[in-house]
Amino acid sequence: MYSTLLFWLSVILVIVLCFACFSNRMLKNEVSRWKKLATHDELTGLLNRSVLNNIASHTLGRVQRDGVFYSFIMIDIDDFKSVNDTYGHDVGDVVLRTVAESIQCLLRASDTFCRWGGEEFALIAEFKTTDDCKVLSDKIVNFVEIGRASCRERV
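First residue of the sequence shown: 0, per numbering that gives the first Met the number 0; consecutive thereafter.
Here it is as structure tokens:
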């Protein structure tokens, strides 16, 4: 009788431990998911505006302290409302994701790129000269314009 009781207590203990491990793993996954939602735009996967505000604050301190040159570049998709009105929000979402991914490909790992809101994006990047900043800005505009022309051809 004592051995049967010990057996069943052991079985219950194993079940409880398995459940505790499983619950802990689920909790960690959920916490990780919520952290990502708090710092990233759900549609594009880019950093969100609140993270960019924190980074901008630190960057401004670095500019004042070390004298490095940073640019803050705002990017807005012209006539985006007409895309949503004409083709629907699902197509608008695809456009936002595509623009975000396309611009991200042009950037360095050290650049901070986020979705500012709606169809607006923001970029903080360190440059040695203003000409370097202009080169990247022009590259982004040209790249997006090429994609825009390509989309018009398909529609």
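Glycine included, each C-beta is placed from N, C-alpha and C at the ideal position.
Pairwise C-alpha distance: residue j and residue i
i, j, result
"Cys20", "Val143", "48 angstroms"
"Val154", "Phe79", "Reliability fails at Val154, whose pLDDT of 46 lies under 50, so the model's placement of it is uncertain and the value that follows must be treated cautiously. Cα to Cα, the separation comes out at about 15 angstroms."
"Val134", "Thr58", "21 angstroms"
"Thr38", "Leu8", "45 angstroms"
"Gly116", "Asn23", "35 angstroms"
"Asn141", "Leu16", "58 angstroms"
"Val30", "Glu41", "16 angstroms"
Residue nearest to residue i in terms of C-alpha spacing, selected from the options
i, options, result
"Cys73", "Phe120, Val15, Asp65", "Sequence inspection shows Met at residue 73; the Cys mentioned does not correspond to that position. Among Phe120, Val15, Asp65, the Cα nearest to that of Met73 belongs to Phe120."
"Val93", "Leu106, Asp65, Thr43", "Thr43"
"Asn52", "Phe71, Gly66, Cys132", "Phe71"
"Asp65", "Leu36, Lys27, Leu4, Glu125", "Glu125"
"Leu95", "Thr85, Asn28, Ser109, Asp75", "Asp75"
Cβ-based neighbour list, residue i, same chain, cut-off 6 angstroms, excluding 5 preceding and 5 following
i, result
"Glu100", "none"
"Leu106", "Phe112"
Residues of its chain near residue i, where Cβ-Cβ distance is below 8 angstroms and the 5 sequence neighbours each way are ignored
i, result
"Phe6", "none"
C-beta neighbour in chain B for residue i, strict 8 angstroms
i, result
"Ser136", "Absence of chain B from the displayed structure is noted, only one protein chain being present."
Residues of its chain near residue i, where Cβ-Cβ distance is below 7 angstroms and the 5 sequence neighbours each way are ignored
i, result
"Arg61", "Val67"
"Ser81", "none"
Range of the contiguous alpha helix (DSSP H) that encloses residue i
i, result
"Asp78", "Asp78 -> no alpha helix (DSSP H), and no H or E assigned at all."
Counting only runs of 3+ residues fully inside the region 90-136, write out the beta strand (DSSP E) ranges in chain order. 111-116, 119-126
Can you give, in chain order, each stretch of the alpha helix (DSSP H) that sits fully within the region 9-68 and has at least 4 residues? 48-65
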